[in-house]
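The structure appears below as structure tokens.
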Amino acid sequence: MREAAYSLPMSQFDKLRQSLKRCRGTFPYRDFERLLSGLGYELVTAGKTGGSRRKFMHEITKDMIWLDEPHDGEMKPAMVRRLRAHLEDKGLI
346 MREAAYSLPM
356 SQFDKLRQSL
366 KRCRGTFPYR
376 DFERLLSGLG
386 YELVTAGKTG
396 GSRRKFMHEI
406 TKDMIWLDEP
416 HDGEMKPAMV
426 RRLRAHLEDK
436 GLI
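Residues in the sequence shown are numbered consecutively from 346, following our numbering.
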């Protein structure tokens, strides 16, 4: 049901979090996935997800994040702003 979480040293996690907070352009999807893992989100592989659609669920709060994995590996600025606002609203970054 769930994919294994990444384990990041705290300094790398802090760098990713600061990088997302400062980001005004594209952001690497792989880095965002690692950041979510460090924040307690896990990739949900059960259910109806197909193609590039991804769902992440927070282990404790059960908060869900839905997004489309970009084919080029770079999240567009609008997606970065939306996801950054969501994480800020939850008090995670």
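For every residue, glycine included, the Cβ atom is placed at its ideal position computed from N, Cα and C. The model shown is predicted, which means the values in this text are computed figures rather than measured ones.
As the crow flies, the alpha-carbon of Arg362 is around 25 angstroms from that of Thr390. Bridge partners of Arg398 according to DSSP: Asp413. Taking every protein chain shown into account, the CB of Gly436 has fewer than 16 other CB atoms within 10 angstroms, so this residue is exposed.
Residues of the same chain with a CB within less than 6 angstroms of the CB of Ile410, apart from the 5 flanking positions on each side, are Phe401 in chain order. Beta-bridge partners of Leu388 (DSSP): Phe401. With a 10 Å radius around the Cβ and a threshold of 16 neighbouring Cβ atoms, Ser397 comes out exposed. Residue environment: Gly383 is assigned as buried (16 or more neighbouring CB atoms within 10 Å of its CB, all protein chains considered).
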